[in-house]
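Residue numbers (UniProt numbering), protein chains in the order written: chain B, 1 to 318; chain C, 1 to 820. For each residue, glycine too, the CB sits at the ideal point set by N, CA and C. To start, the structure itself, in structure tokens.
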């Protein structure tokens with residue numbers, strides 16, 4: 001995959017004079033659910049679009065080859081085929097955006113996807129660089145990236161150095177990210193800002209800008225392990241940073257909220273946020289991913305309800 | 001499995017290009033409710049019943065598709081009379097109903113609005129052309145909060161107050177339900193009966209409100225409602241002396257008309273035009289500012305009194321903001337207001353649509369402005385650049401979703417731009433710089449400041465030609481309580497009599513110094529005191545002041561129009577520096593004034609004795625003067641404002657501010673106390689930061705004149721106090737006619753049995769009528785001394801404070817912490 005953001009030289013003016021008003025941002029964030037809404041067939045269409053944007057994720061200490069294998073099967077067949085057929089979709093054409101695993105499980109995931117020839121359709125994303133805390137030596141953090149890429153990962157979800165961010169050392173952060181980007185090679189770099197640990201919305205904005213200047217293909221809200229993860233409030237700050245960077249450079253960078261996105265309704269609101277604050281291209285999986293695990297199940301239940309007119313029992317959607 | 005759904009073919013299309021479809025709110029419940037009411041024909045609601053009177057009707061339509069919604073009666077004089085009579089009757093029992101019971105009923109109303117929220121939203125939305133989302137999120141939610149607030153207001157009120165009586169509430173189409181409830185709730189809870197007159201374009205939600213009143217157990221007749229599409233109804237109701245208080249929301253010109261119609265006794269509360277402006281500084285969160293512009297300029301489709309229509313942008317971020325603004329506006333949806341995905345609905349008033357189009361085309365064609373329009377609405381959101389400040393769009397209030405964009409350079413310039421308006425409702429300030437925001441909040445001459453937030457119909461105070469209504473808190477409740485100094489009787493006059501009286505009022509009486517008196521016992525030259533200097537009157541005429549025994553005593557200026565003009569100019573220029581002085585400094589000057597007066601006690605006591613008081617009386621009066629000076633000197637740094645509750649996370653500051661230039665016309669004190677009364681009103685007004693032109697007792701101004709010397713030795717800045725003597729009515733005429741005067745306090749003289757003579761009735765009528773031109777405040781006070789048995793009357797002094805100040809609300813949301 002070609003990177004869509006080559007990055008630019010470090011420019012301090014991007015992190016100076018940042019003014020953000022939390023109250024006003026909260027208010028706008030709350031409006032995405034009320035100002036626009038989709039129902040019935042429109043809702044189903046939006047939900048299926050959301051499915052294609054899901055980075056289906058398992059990031060647990062007890063991950064093994066078998067549950068990673070199941071994850072890959074689900075990513076390739078996210079919605080029951082009979083339901084999709086009834087609404088005119090070819091089940092083979094609807095897959096999740098990626099699977100997302102720990103570096104040591106990349107080989108399992110890549111192997112599984114290869115076994116049913118989906119390895120070129122569904123990318124394997126690996127978290128890396130000392131996920132989730134990032135409190136490791138730069139040398140090993142960079143090494144992790146290279147090993148994951150070697151195992152078949154084509155997207156690397158790196159975590160940024162929060163210490164540098166909190167100390168306002170944006171140049172250091174930039175330099176580290178530059179090296180990470182280099183280590184990624186052809187793989188896409190998705191920079192996890194861990195917004196819940198950045199202390200202020202201004203820092204969220206500044207970290208977004210620095211990550212983009214350093215060439216990130218996506219900026220991602222959180223690891224899912226912080227106290228505060230993907231909320232519409234911090235998302236709005238990041239999305240507006242995407243827009244500012246695009247105005248300034250002409251490069252579009254993708255956005256990936258992760259952590260706490262569970263309901264089908266949420267998925268529509270997130271898509272609406274991208275469409276309203278940015279544009280339609282920014283709602284495709286080239287520029288938008290949802291880091292989630294439970295979300296897919298809820299979307300499938302909604303599709304079931306649309307097709308059959310009844311709510312599904314738990315055992316009908318394995 | 002079920003059969004293939006016909007809409008599935010659409011799914012693939014939407015999947016490829018994420019699009020929206022109309023999601024319409026259901027109006028079926030509303031339709032059956034309308035049907036239930038006499039097949040959609042609403043008569044007047046009098047004494048708890050809809051009257052079926054066979055009156056002519058007018059229609060209201062859904063502004064989106066022009067479908068007929070309902071018909072309403074065109075009430076005539078007889079019906080209006082019946083409704084007012086019902087109010088008057090029910091007020092007698094309702095005012096005696098215990099406050100707890102009244103509060104319980106208002107509480108029930110809040111509960112019932114919550115229970116019927118959906119139908120109320122669709123009722124208000126469908127008939128007003130406003131999006132249902134906005135009506136629900138902003139209006140009906142606020143209706144509920146308002147009702148709950150006043151349902152628990154007894155703690156704010158002292159026991160034993162008297163309600164004003166019968167209150168007429170006129171609604172407006174920009175937020176018909178909320179604007180009615182904002183007055184209805186405080187009026188009811190304080191024991192008034194109410195006559196509701198919804199705007200002819202949006203009467204539907206008002207009728208539903210009647211159903212909610214009935215359901216909540218409000219006794220019959222406490223609220224009555226009449227409808228009419230004839231604008232004469234304002235005159236018919238307002239000129240009726242049985243209506244004790246008129247609450248009017250709407251156009252400033254209508255309010256001015258009302259002021260020329262009402263009896264001087266009728267209290268008026270106005271919430272008028274004066275759209276909000278917004279200032280964006282380079283320290284602002286620009287994207288959030290842009291969102292506020294969207295919400296503010298589209299509030300009630302841009303037809304609300306407080307919607308945003310003017311945007312001042314600091315020059316160094318002008319292009320940045322404009323680019324964001326245009327991008328954001330290009331995302332707006334317009335169309336059916338019942339569609340949840342639409343941001344803008346329809347203007348309800350056909351005239352407004354025409355005016356909107358016309359004003360914009362004049363702006364472009366004649367003034368060379370540039371318009372950018374968005375959406376395919378017939379009144380599309382419009383951004384106007386290169387605005388000429390004296391063009392029609394800026395000077396007149398046009399309804400519709402437009403935004404004039406004007407750059408500025410410095411903070412000081414932004415304050416001037418905001419203040420350069422005859423209206424004074426509100427301003428939004430966008431900046432993250434707290435010092436900047438606080439100082440600008442202090443300097444802008446508007447009633448409400450919205451810091452980093454959106455103008456809405458809550459926590460609002462207006463001033464200047466935007467009216468004087470206060471939405472929130474104790475100030476609002478007090479508007480519906482009778483003031484014990486309000487009680488005077490005036491005879492009802494018809495329109496012609498009023499006009500004749502106004503026309504002939506105050507024409508100069510022949511100067512009373514002729515024939516030239518001889519043997520004056522005081523040869524000192526008394527002059528007017530203007531701008532800190534003694535000045536001869538422009539008329540070059542004098543009037544004779546005689547002692548009580550008829551002996552000629554001295555000559556004082558017989559002043560006229562130009563002296564008043566000079567005095568007002570001097571007061572106006574002194575005002576700005578006077579109110580900005582620290583309160584401590586003001587109090588120091590007043591204490592010093594008291595000190596210097598005390599040291600001249602003998603001189604003043606002697607002067608008072610000369611005019612007929614005993615030594616004891618004169619000493620008592622002087623002592624009262626000294627006490628009242630100390631009282632207000634001490635109050636200077638205490639009566640500065642408070643915090644109010646707000647549902648926002650943050651503060652709602654209520655700042656007490658002076659009015660500006662106050663004109664005080666003293667009465668005649670035959671039994672003494674003319675010096676004390678002069679001093680208490682004067683010092684009360686200036687202690688709150690006002691500057692004053694005061695006309696002393698026309699028969700006994702001498703002791704007051706002697707105060708110059710005391711001012712001069714007390715560091716009192718020139719122009720804060722201006723003293724002009726002459727004919728009471730003649731000077732009143734020119735004071736009231738001066739647009740710069742913010743308030744006129746008129747002390748009326750009564751005869752022995754406390755009745756007002758015809759002359760004084762003329763004066764009150766004139767002042768009320770003439771106040772309409774600049775919407776100045778008026779305060780009519782009986783000229784008997786307000787004292788308690790042990791001296792100063794605290795309650796009355798407090799009333800002077802209330803009349804010396806206006807409040808400014810500053811909405812100050814806070815928040816920075818969102819995570820660790």
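Asked	Found
Spatial distance of residue 352 of chain C from residue 305 of chain C (CA atoms)	13 Å
Nearest candidate by alpha-carbon position, reference residue 577 of chain C, set C/672, C/691, C/647	C/691
Proximity test, Cβ basis, 8 Å: residue 341 of chain C and chain B	yes
7 Å Cβ shell around residue 9 of chain B - same chain, five flanking residues per side excluded	none
Minimum Cβ-Cβ distance from residue 292 of chain C to chain B less than 8 Å	yes
Per-residue contacts from residue 200 of chain B into chain C (C-beta, under 7 Å)	816
Positions along the region 84–105 of chain B whose CB lies within less than 8 Å of some CB in chain C	86, 87, 88, 89
Cβ of residue 381 of chain C within 8 Å of any chain A Cβ	Here the protein chains are B and C, and chain A is not one of them.
First and last residue of the uninterrupted beta strand (DSSP E) at residue 195 of chain C	193–197
Member of C/311, C/706, C/191, C/666 whose CA lies at the smallest distance from the CA of residue 480 of chain C	C/191
Residue 310 of chain B burial status per 10 Å Cβ neighbour count (16 or more: buried)	exposed
Pairwise C-alpha distance: residue 14 of chain C and residue 2 of chain C	With a pLDDT of 45 at residue 2 of chain C, under the threshold of 50, the modelled position of that residue is not reliable, and no figure is offered here.
Neighbour-count burial assignment, residue 29 of chain C, 16 or more Cβ in a 10 Å radius	exposed
Chain-ordered chain C contacts of residue 36 of chain B [CB-CB under 7 Å]	20, 341
Cutoff 8 Å: residue 17 of chain C Cβ touching any chain B Cβ	yes
Min CB distance residue 649 of chain C to chain B below 8 Å	yes
Residue 126 of chain B - containing beta strand (DSSP E), residue span	124–128
Candidates C/404, C/408, C/436, C/457, of which the one nearest residue 426 of chain C by Cα	C/457
Proximal residues to residue 19 of chain C (C-beta, below 6 Å), its chain only, five neighbours per side dropped	none
At least 3 beta-carbon pairs within less than 8 Å: the region 560–574 of chain C vs the region 714–733 of chain C	yes
Near-chain C residues of the region 165–187 of chain B (beta-carbon distance less than 9 Å), N- to C-terminal order	none
Start-to-end residues for the beta strand (DSSP E) that takes in residue 450 of chain C	448–451
Segment contact, 8 Å Cβ cut-off, at least three pairs: the region 457–467 of chain C with the region 399–418 of chain C	no
Stretch pair the region 137–148 of chain C + the region 86–97 of chain C: three plus CB contacts closer than 8 Å	no
Reference residue 69 of chain B; option with closest CA among B/100, B/85, B/84, B/52	B/100
Beta-carbon proximity of residue 160 of chain B to residue 184 of chain B, cut-off 8 Å	no
Residue 204 of chain C vs residue 123 of chain C beta-carbon contact at 8 Å	yes
Three-state secondary structure (DSSP) of residue 314 of chain B	helix
Near-chain C residues of the region 46–77 of chain B - C-beta to any C-beta below 7 Å	46, 48, 49
Candidates C/342, C/262, C/267, C/36, of which the one nearest residue 25 of chain C by Cα	C/342
Test: residue 41 of chain B CB closer than 8 Å to a CB of chain C	yes
Residue nearest to residue 157 of chain C in terms of C-alpha spacing, selected from C/813, C/476, C/743, C/711	C/476
Option in B/264, B/289, B/277 with minimal Cα separation from residue 300 of chain B	B/264
Segment limits, alpha helix (DSSP H) that includes residue 623 of chain C	615–635
Among C/482, C/594, C/642, the one whose alpha carbon lies nearest that of residue 623 of chain C	C/594
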